[in-house]
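Report on the structure given below.
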Amino acid sequence: MSEADDWFIREVLPLEATLIQFLRQNWRNWSDIADLRQEVYMRVYEAAQKKIPEQTRAFVLTTARNIVIDRVRQERVIPIEMVNDLEALGVASDQAGPDRVLLGRDALRRLQAALDTLPRRMREAVMFRKLDGLSHREIAVRMGIAEFTVHRHISEGMRALADALFSEQPDLRKKP
Amino acid sequence: MSVQADKRTPDAVEAEAQAAAWLERRDRADWTSELQAQLETWLVESPAHRLAYLRLYAAWNYADRLVVMRRPRLSRLVSSSRKIGPATFKIAAACTVVAAIGVAGVSYSKKPQTQAFETPVGGHETLKLADGSRIELNTNTKVRVALSAGQRKVWLDKGEAYFEIQHNEARPFTVITGNHRITDLGTKFAVRANGDSLRVALLEGRAKVDTDSVWSQPQSVILTPGDVVVATRSSLSMERHPSHLLNEELGWRRGMLIFDRTPLADVVAQFNRYNAKKLSVSGAAAQMKIDGTFPADNIDDFLHLARAVLGLKIERQADVVMLSRNAQRENH
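Chains as they are written, first to last, in the working numbering: chain L, 385 to 560; chain R, 918 to 1249.
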């Protein structure tokens, strides 16, 4: 794993909820949020491959702001007041916000909440895997379901856990 | 980079779906080096792939750690030796079921049980497993043990342990730490986990070390006596040590630290592994070479010698003891 990979996991992912909140406040079409988030991640990651930014929070949010401004301009119909709002956004300070969501007790609460958002059978499969270390085949036998159903539960469970842990937006990936 | 022109960038939802498929595939038992190569090709195709994968990978691994945290500390060693038998297993199983129900209401009946053991700073404990194998835990060490009919698994979560394994072909013994696996082939060996890196020293028999990483080719090496392998997250390196050096390293089993031309900085680091009161060394003193055998838990003896024999200045501060050369000798 590269230094940029480490940085991304350690410093950027914990900012995801803050980033999503920012995007939702400043972009009216919420079905674009997942793509916007990806674009922000790609830009900051590209920069980090050259040099790890010192102020991650400010860097991520400034990047998000620039991307939103670019998109507003491309849409041609520019809502002036929105651009003004954006210019005025105070994203420069690296303030200690509620970003470090993945630390300590809060992490535990988040994980429980994340597990609770999963459909019951998917949650069972994830727990057999994570709590008991059963293989997918063993889970299939234990739950009396087909192995490919276990594969689906696990891969869906991974996505749902990531959304619940990082962005607190369980439905982000469901496009209308 | 404009949005319209950027059609090469995969749709975020699609990238995530593919990443989840890869990560799930890798989570199955039958991962191969061909698949690994394909995954790595996919990962470098687009940063969007890599980032979607990193994100799910972090969440999935994170869930691992958190669920482990959720388990109650099933047992904490107080005596110097304890037999893990069926009786303790029942208690452990009951605790685990409670923990599981607390989260999801899933009922667990015939699952493999895991027991956790932990030593405090300065601790040293011996586990005797029902199969006759022994695990000695050094200071500040945590292991989890899961024994089932078909296999024996130990996770070294932190610290250092010495293993004497009763070999059983039908019931492999595996030590797991991070993404490294040590498989016993009839063996005595010592393992130290240090952050992401791992050090395995083999004293008798044979053992196999595998490193399974998405970020590099899986690597594997077979150890024979005298071999020492250092595995980091992405590399394996092997060296040979004469047996007397390996025995010195295992001085901790007798409560002793043994040094042989060891830099003072390393000596201090060793003492700090065993004692709540921490030592720190500054300036040129860090490079001084130390020989000798010291009780690991007796800092005062060592400090006395450091002052009397090495002529070091000892300053006791609130939570740390500073070692340095006297000012007039320090060469700046």
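Here a beta-carbon is modelled for each residue, glycine too, at the ideal position from N, C-alpha and C. Only a predicted model underlies this, so the values are computations on that prediction, with no experimental measurement involved.
- Note: ASP1144(R) is bridge-paired with ARG1157(R) in the DSSP secondary-structure output.
- Across the stretch 952-985 of chain R, CB contacts with chain L closer than 7 Å involve PRO964, ALA965, LEU968, LEU971, ARG972, LEU973, ALA975, ALA976, TRP977, TYR979, ALA980, ASP981, LEU983, VAL984, in sequence order along the chain.
- Put simply, the stretch 1219-1231 of chain R does not touch the stretch 1054-1066 of chain R. Fewer than three CB pairs are less than 8 Å apart.
- The beta-carbon of GLU933(R) is placed less than 8 Å from the nearest beta-carbon of chain L.
- Against ILE393(L), the close residues of chain R are LEU971, ALA975, in the order they occur along the chain (beta-carbon pairs closer than 7 Å).
- Counting only Cβ-Cβ distances below 8 Å, ILE538(L) has contacts in chain R at GLU941, ASP944, in chain order.
- In this structure VAL1092(R) is not in contact with ASP1074(R), their Cβ atoms being roughly 11 Å apart against a cut-off of 8 Å.
- Distance check between THR1058(R) and each of LEU1227(R), THR1094(R), VAL1146(R) places THR1094(R) closest, using alpha-carbon atoms only.
- Shown here for VAL1237(R): same chain residues with a beta carbon closer than 6 Å to its own, the five before and five after excluded, namely LYS1195, SER1197 in chain order.
- Residue pairing by DSSP places ARG1061(R) opposite ALA1033(R), TRP1072(R) in a beta bridge.
- A distance below 8 Å between beta-carbons, with the five flanking residues on each side excluded, links ILE1231(R) to the following residues of its chain, in chain order: LEU1220, ALA1223, ARG1224, VAL1238, MET1239, LEU1240.
- Within its own chain, the residues whose Cβ lies closer than 6 Å to the Cβ of LEU956(R), once the five positions on either side in sequence are excluded, are TRP939, listed in chain order.
- Per DSSP, reduced to three states, the secondary structure at ASN1243(R) is coil, with no helix or strand assignment.
- Three or more Cβ pairs closer than 8 Å define a contact, and the stretch 541-553 of chain L meets that threshold against the stretch 494-513 of chain L.
- A straight line joining the alpha-carbon of ASN1215(R) with that of ARG421(L) spans about 55 Å.
- Counting the other Cβ atoms within 10 Å of the Cβ of THR958(R) gives fewer than 16, which makes it exposed.
- Here ARG1088(R) is actually not in contact with ASP1127(R); their C-beta atoms are around 18 Å apart, not less than 8 Å.
- When secondary structure is reduced to three states using DSSP, ASP1236(R) falls in the coil class, being assigned neither helix nor strand.
- A distance below 8 Å between beta-carbons, with the five flanking residues on each side excluded, links ASP1177(R) to the following residues of its chain, in chain order: LEU1162, GLU1165, ASP1208.
- Proximity of LEU397(L) to chain R, defined by a Cβ-Cβ separation below 8 Å, is satisfied.
- Taking 8 Å as the cut-off, the beta carbon of LEU960(R) is found closer than this to the beta carbon of TYR970(R).
- In the same chain as VAL452(L), and ignoring 5 residues on each side of it, the C-beta atoms closer than 8 Å to its own belong to LEU407, ASN410, TRP411, LEU420, LEU470, in chain order.
- The alpha carbon of PHE1188(R) has as its nearest neighbour, out of LEU1227(R), ILE1175(R), SER1199(R), the alpha carbon of ILE1175(R).
- When rounded, the separation of the alpha-carbon atoms in GLN935(R) and HIS535(L) is 13 Å.
- Within the model, the alpha-carbon separation for GLU1053(R) versus ARG427(L) is close to 49 Å.
- A residue is called buried once 16 or more other Cβ atoms fall within 10 Å of its Cβ, and THR1141(R), having fewer, is exposed.
- For VAL1062(R), no chain L residue has a C-beta closer than 7 Å to its own C-beta; the minimum C-beta separation is roughly 12 Å.
- Under the three-state reduction of DSSP, ILE1207(R) is assigned to strand.
- For the stretch 430-452 of chain L, the beta-carbon criterion of a distance under 7 Å to any beta-carbon of chain R is satisfied by GLU430.
- In the DSSP assignment, THR1056(R) falls outside any beta strand (DSSP E) and carries neither an H nor an E.
- As the crow flies, the alpha-carbon of ARG945(R) is around 30 Å from that of ALA401(L).
- Taking the beta carbon of PHE532(L) as reference, no residue of chain R falls within 7 Å; the closest one sits roughly 11 Å away.
- In terms of beta-carbon proximity, VAL1226(R) stays away from the interface with chain L, with every pair separated by 8 Å or more.
- Inclusion of GLU941(R) and MET542(L) in the CB contact set at 8 Å is warranted, their separation being smaller than that value.
- Interface flag for ARG521(L) against chain R is set, since a Cβ pair is found closer than 8 Å.
- Interface annotation, GLN405(L): not in contact with chain R, CB-CB separation never under 8 Å.
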